[in-house]
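See structure below.
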Amino acid sequence: MTLAQARPVIEARDLWRIYRSGPLEVPALRGVNLAVHAGEMVAIMGPSGCGKTTLLNCLAGLDDPDRGEVFIEGINLRTLSDDKRTIHRARRMGFVFQSHNLLPVLSAVENVELPMLVAGVSSKEARRRSCEALAAVNLSDRLDHRPAQLSGGQQQRVAIARAIATDPAIVWADEPTGNLDSESATAILDLFQRLNRQRGQTLVIVTHAKEVGDRCDRIIRMSDGQIVA
Amino acid sequence: MNSIFGVSTTLVLLVLAALALGMLALLAVAVGRGAILLRVGLRNVPRRPLRTALVTAGLAVSTAVLTSAFTTGDTMTSTIRLLVTSQVGRVDELIVLYRRQAQSIGPQDIVQIATGQLVSGSRAYFNEREYDRLVRALGEQPAIAALTPAIVEPMVAANPASQQVGSHLNVIGLPSQGAGLFDEFYDASKRRYQLRDLGPNDVYLNAVAATMLGAKEGDELLLYFGQERPRVVVGAIVSSEAIGDGQPALVMPLGRLQALVARPREINRILIANAGDAVTSVERSGEVVRALRGVLVRDEVARAMHEILHTEVAQSEMVKALAQSPPSQRPKLEALMAASREPTVTPEFKSLLGDPDIIGRISFVSFLLRGTPQGGRLNDQLRQLTGLTVLDIKRAALDRAEEYGAVLTSIFFVVGILAIAAALALVFLVFVLLAAERRSEMGVSRAIGMRRGQLVATFLYEGLAYDLVGALLGVGIGVAAGVAAVNLVSGWLVGYGVAIQPYVAPRSLAITYLAGVLLTFLAVGGAAWRVSRLNVVAAIRDLPDAPSPSLAALFLQPTRLLAASLHRPALLLRLPGALGAIGWRLTCRGPALIAIGLGLRAAGLAAVDWAAFALGVSLTLLGAALVGRWIVAALPNWANRLVMSAGALAQLAWWLDAWSVFGFGHWPFPEPNVGAFALRGLATVTALVWLASANLTVALGAMTLVVRPVRPALPALRLAVTYPAVRPWRTAMALMMFALVIFTMTLATVLLNVAIVAYADPTKAQLGYDIRGEPAQGGAAPDIRAGLATAVAIKETDFAAIGTLYSLPAEVLDLAEPAAAWRPTPVSLLDSEFAQQIPLRLVAWSPQFPSAELAWRAVIERSNAALLVSRDPITTTAFTPSIVWVREPRGGTPVKLELVGRVDPSAGLPPGIVAPLTAFAHSAPEVRSYFFRVRPDVRVEDAALGLTLSFGDAGLRTQIVGQEAARAAAIRAVLTSLLQVFLGLGLIAGLAALGILGVMAVVERRSHIGVLRAIGYRKWLVMLAFLLESALTALLGILLGGVAGVLLAAQITRLLARGRPEIQLVIPWSDLAIIVAVAGAAALLTALLPAQQAGAVRPAEAIKS
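Chains as they are written, first to last, in our numbering: chain A, 1 to 229; chain B, 230 to 1334.
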């Protein structure tokens, strides 16, 4: 079965998201249709304000589109309650954000094991898998460091470890290299690529950096809330 | 209320106003130099309306606590003033036959004022000619508006028409001519009546008496005067501003009443009204009393007294007496010494001789002069002095009202201090959180050129906006809470004839508003200054602040500045700042604190200042702990924890007086006042919070054991425990706030329980009897047994027991004393029925008796055994028996008694000796009280009325002891309830703190919540995390506050119990459990709001923020 024939792991149909501020309506997404297949590493690119992050939020179930449907592994997110959507997120998805968004009060290993504890994994198992995930991102020697004690690149690697520790089907990354120097950014992209190939996880990366797009299997270009290429 | 903590409220208001004006002037000057800062500050206010509302509410709390303290105090002052006016009317002074007990008005008199007994207490008669002599001697006195002879007699009256009987009606006799304003009565339609308008058999009734008797105009009343039953007709129902309308009164012409009581040409008081109105007349009391006393003391007695007191030996003894006098009486004695040194008798000297306090002091001087010729002569003259005396009842009662209100406010204020401390900590924390939220903005502001002072100014402007509104809100809430509390409890007192009307003086409102503004402004200023010390780059990039420079670098800085100033002298201006930084660092590290502490301790010892001494030692210990932490800084974390825990424990040991508890000694001087306990409380709570903070991981870990078994809640628990643990300073502040509130509630509850157990047990107060009867002053006591045999209204068989307590003025000689001498000592004698029926509780007894009961039995059965009544401290129940000789004054036959134990002083017997009546069979002691125990099938009220009807004319006044105890208990309960309602305000402060901190935490952690939601935390889990965090903080705070409260209550009880064996620590566990449950439940409810907010955070927006 070819990639094109397989059922897409992510599918968006006619997505609309409109931000309202008093009488003013700003359509951030305007009828987006999209399909991403399992194991793909996709970049969503476009100028600032084109709706990249909004699309990612809607696809990941962090935000509700005003119109349209999102299917993740064949499940229509609209049919799920907030709780079920959250559980689905915890079990099948991982997130990496531009500003790392680690909890400053937790150590690296505690940050990584948090989603697993939420998913009901035992503390012991969660700790074991967290250590593995941190080893996968070459941070075995920084387990007990707090975010403030790590460099930006290291923090992002912890965020990636947190994203992959639950062995999710999809990893969402929003400008994962936006806050990093070029050397760290390259290391992170290497890591993404390695994980994608070794684990077969689907990666959706929102970025405006050309070098990130170049490392992906496919680039989806957006402009004014629509996919243009 | 005119004073608080002894300081004039006018002065307090002026100082506060000056400080507030200074503060506003400073800010105005700063605005003039940069209006943009004001705009920046003020425009921050509407940014987040909910947070603005919360901050304002937080600021309002401290002002509300202050205001409610003042409202309560003002209300009590005003209530007592109104009571005084309604009871004494226009009577500013009374002239009665000298009665020692009448010299001062104590706390118990509040009940007496309420029931009118204060005015009608003394009934000893004297010749009406004394009044004529007084009027002649006084001459024209513009300060006196009216002066009239009078008789006031309590009497039983019945109204056959309504079948109502009144047992405590005051029958007042006033002259029909010349009574001035005392002869003015008005009915409901304001029609004026005078005594001469009365018909030959008519009387006036006031409204209270008319209600009591169900009487109306024209009704015939039956008065009970001995065997006589005169009938009178109600001429009119009237009111009289002059005699007061607070108690039931029946007024008739003096001559008719003199005939009824068979006292022709005799009166039992002279009423004096000063010039002015009911409120202002009291201002002339001093002048009038001086004039009256100058006239009442006879010239020859004054001359004789002056002659004695003028002698060298008397002057020398007066110096000794001065040293041993109560502080309140020293000025009078000093004035007497000065006047007695004058070569002749002065008006001032004569006036002083008429003062009952001075008579007491002169008696003491005569005791010191015993054995000398002067001593004997002084004693003789003293007897001449104890004739008529002036009592300035209104001034004394109003002073007492002021004092009582001030004391109440002070107590509430002290209790409130802890709540205010909690509220101020909240304000401080709120602003620190506010600043933390705006850290990057502040960093940018600094980067574009804003100086630190300007940053502080913007915060101050913003804070002032919250402050001015918050304090106003606080005043409103405080008044409303105070009024609500007063209204809540006033209903309970209506049955006892005491009406409480909420009142708050405008001056009090101004004080609380200004104090609220200033206190919160200080807290805002402190917080602003603290957060303004930021590293610009770290703030902009949201990185941790760079570490402070090393101590070595700080020490080098002044040298560098001095060196550089050789080229640039302007650098010298930075020198104070550099030296200040060194001082601050040394304070934070400990050495400077040790030095300050040692200095304070020495100063405290030198000035006998408890607070300075205690704080000095505490600071020294704190400094030592900080130095210890500095030393072990390089060691693992456990060493730091160990040192800090040791420091906290040392503080606890110091403030809780641990070595004294374990018998290693006492503080070098006693604690001065309740304020000391507030300091101890604050310090104890701080030390406990310190201990908990040093071991926060352990403490929180222990608390999570409760939740741990619920596995799905574990992720929430992880966060709930982690956030407080990694922010120990902030957690400590939150703990402190909640612990302080619970501490005050616990402390007050335990201490009130101790007081109730010690003093509010009616069985103790009434010695097991139902009715107490007291014979008239100076009259022969009625023979109760004989009277009961013939009485109609009551039978002897209505009583299960009738006991008689006699008093015998005596002199006691204890040969075991080093300087044995006959000393005046009151002796209480019990008749056999009293002794058989009512066993007095012994607090110590001779080892020859195995139990207190056997010691008591010996006193009953042997005629030579006696007991001691004393309030001196005791530490053991073992009593060393001793032999004393007792005789009537000046040469009676001595009786040998063996003292075999000590009586519980709460039994109400005067300090001295208690012995069976049989030991003094040859003496003629006076009856002090009769005690009646009613049979179970007889109503106590009926028996009391029967006794009054049968023996009232013989001078017996009855009092239902249970009612008396119940009335006292009701008043105590009201005060207790007021205090508890007030403490409830503190709880609201703590809850507000918890809620505000929770909401601020949600705002601060918004992006974290977004991430949590993104990685799979469901709404309820996020809510649970916040809920658990608040709950754990609240629970730990409740635990710490509760423990601190019980520990300090135990210590205070131990101090109070010295000399008061009736005081015992009885912890009301059920009350404490209610406090814990209510506080815990309320905390959870309060935490729901922020938790719900946290759960409602939309992840996509939160991550972006």
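Note that CB positions come from ideal geometry on N, CA and C, so glycine has one too.
Asked, Found
"Using the Cβ count rule (16 or more neighbours within 10 Å means buried), how would you classify residue 797 of chain B?", "exposed"
"Could you spell out the range, first to last residue, of the alpha helix (DSSP H) harbouring residue 288 of chain A?", "With chain A running from 1 to 229 in the structure shown, residue 288 of chain A is simply not present."
"What would DSSP say about residue 419 of chain B, mapped onto helix, strand or coil?", "coil"
"Determine which residues share a DSSP beta bridge with residue 387 of chain B and list them.", "B:394, B:451"
"Who does residue 41 of chain A pair with in a DSSP beta bridge?", "A:203"
"Pick helix, strand or coil for residue 1249 of chain B, following the three-state DSSP scheme.", "helix"
"Compare the C-alpha of residue 1031 of chain B against each of B:1062, B:1024, B:1054, B:1239 and name the closest.", "B:1062"
"Strictly below 7 Å CB to CB, what residues from chain B border residue 79 of chain A?", "Ordered by position in chain B, no residue passes the 7 Å Cβ test against residue 79 of chain A, which lies about 17 Å from the chain."
"Under DSSP, the beta strand (DSSP E) around residue 1051 of chain B begins and ends at which residues?", "First-last for residue 1051 of chain B: undefined, no H or E at that position."
"Counting only beta-carbon atoms, is residue 1316 of chain B nearer than 8 Å to chain A?", "no"
"In or out: residue 360 of chain B buried (at least 16 other Cβ within 10 Å) or exposed?", "buried"
"Taking the beta carbon of residue 228 of chain A as the centre, do at least 16 other beta carbons fall within 10 Å, making it buried, or is it exposed?", "exposed"
"Does the CB of residue 241 of chain B have a neighbour CB from chain A at under 8 Å?", "no"
"Ordered along the chain, which non-local residues of its own chain (more than five positions away) have a Cβ less than 6 Å from that of residue 967 of chain B?", "1219, 1263, 1266"
"Drop a sphere of 10 angstroms on the beta-carbon of residue 445 of chain B, count the other beta-carbons inside from all chains shown, and report buried for 16 or more, exposed for fewer.", "exposed"
"At the 8 Å Cβ level, is residue 86 of chain A part of the contact set with chain B, yes or no?", "yes"
"Quick check on this structure: which residue in A:205, A:161, A:23 has the alpha carbon closest to the alpha carbon of residue 45 of chain A?", "A:205"
"Please determine, among B:881, B:817, B:1003, the residue with the shortest C-alpha to C-alpha distance to residue 919 of chain B.", "B:881"
"Of all the CB atoms in chain C, is at least one closer than 8 Å to the CB of residue 1245 of chain B?", "Structure shown: chain C not included; protein chains present are A and B."
"Roughly how many whole angstroms lie between the Cα atoms of residue 978 of chain B and residue 1271 of chain B?", "11 Å"
"Going by the beta-carbon positions, is the gap between residue 408 of chain B and residue 375 of chain B smaller than 8 Å?", "yes"
"Taking the alpha carbon of residue 1228 of chain B as the point to measure from, which residue in B:1010, B:666, B:240 has its own alpha carbon closest?", "B:666"
"Mind pulling the chain B residues with CB within less than 8 Å of residue 115 of chain A?", "1244, 1245"
"Need the endpoints of the beta strand (DSSP E) that residue 109 of chain A sits in, please.", "Careful: residue 109 of chain A lies outside any beta strand (DSSP E), inside the alpha helix (DSSP H) at 108 to 118."
"List, in order along the chain, the chain B residues whose C-beta lies closer than 7 Å to that of residue 105 of chain A?", "951, 952, 955"
"Per DSSP, what kind of secondary structure is residue 124 of chain A in: helix, strand or coil?", "helix"
"Cutting at 6 Å between CB atoms, please list the residues of its own chain near residue 1322 of chain B, excluding the five before and the five after it.", "1231"
"Is the Cβ-Cβ distance between residue 245 of chain B and residue 649 of chain B less than 8 Å?", "no"
"Please report the Cβ distance between residue 742 of chain B and residue 704 of chain B, rounded to the nearest whole angstrom; I am assuming they are in contact, meaning their Cβ atoms lie under 8 Å.", "5 Å"
"Got a sec: which bits of the region 51 to 83 of chain A sit with their beta carbon under 7 Å from any beta carbon on chain B, in order along the chain?", "57, 62, 63, 82, 83"
"Can you tell me whether residue 1077 of chain B is helix, strand or coil according to DSSP?", "coil"
"What is the rounded straight-line gap between the Cα of residue 695 of chain B and the Cα of residue 959 of chain B?", "22 Å"
"Does residue 142 of chain A have its Cβ less than 8 Å from a Cβ in chain B?", "no"
"Between the region 39 to 53 of chain A and the region 206 to 220 of chain A, are three or more C-beta pairs nearer than 8 Å?", "yes"
"Report yes or no: is there a C-beta of chain A within less than 8 Å of the C-beta of residue 760 of chain B?", "no"
"Leaving out five residues on either side along the sequence, give the residues of the same chain with a beta carbon under 8 Å from the beta carbon of residue 1054 of chain B.", "1039, 1040, 1041, 1115, 1141, 1142"
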